[in-house]
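FYI, the numbering for the sequence shown is 166 to 369, going by the numbering used here.
Each residue gets a CB set at the ideal place from its N, CA and C atoms; glycine is no exception.
These numbers were taken from a predicted model, which means no experiment stands behind them.
In what follows, a structure is listed as structure tokens, so that the remarks can point back to it.
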Amino acid sequence: MRRILEAGDARWVVPLVLLAMFSSWLSDLDADHSGFREALESISPAVLASIVIAGILVAIPIMLALFYLFAWIAAWVGRLLEGDGTVRRVRVALAWSLAPVIWALLYRIPVAVWMLTAGTSRQAAIRIVGDDWVIRTGGLVPSIGGILLLLANLIVFVWYLIVASRCVGEAHHFSSWKGLATLLLALAAPVILIAAIVLAAVTS
């Protein structure tokens, strides 16, 4: 991370963010696909494909804008914690810290392909609830595969948190613990700001 930041190369920021978005989308993929099947029955595949593509084209700039905004907040919070990272350095660090999420594609793509091609049955319809992959048999009963996938997603999350803390710490030239604090405070900052605005409006 230090070598990347010293080089000042920011050209990989957008590709890294897009790959991480794709990986996150696969982790939330619902294998039941009942919504897609109902949509296919009511409209033509071409129209449905157009809607999906339009949704993706709208989502990409929104997610990129949110990422850039979060990087700006993380840079500002880091300075409050006596860091000296610029917005550009923090943005690059946050983008490269998404590497664990991208590496998760090694298992998320095969699982998604299997789920799309295997189909479902009335007795055992495979679904995803959040990141928990379960088998539904009149209720929600965790399967061995579901538990393994849940564990894999948990490992990826912890791995990402460690890498992101270290990368943000490197961008601000302080410890990984301060990097973690920067991430948590940056996530909480919009909520705190909205709460302050609401309280000010109520009390005024």
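Around the CB of Thr347, 16 or more other CB atoms lie within 10 Å, so the residue is classed as buried. Here the alpha carbon of Val323 sits roughly 24 angstroms from the alpha carbon of Trp241. Distance between Trp190 and Ala351, taken at the CA atoms: about 23 angstroms. Counting of Cβ neighbours within 10 angstroms places Ile267 among the buried residues, the total reaching 16 or more. In the structure shown, the three-state DSSP call for Met186 is helix. Ranked by Cα distance from Ile238, the first of Gly344, Leu270, Leu181 and Ile362 is Gly344. In this structure, Ala172 keeps its C-beta atom at 9 angstroms or more from the C-beta atom of Arg254. By the beta-carbon neighbour count (other beta carbons within 10 angstroms, threshold 16), Val333 is buried.
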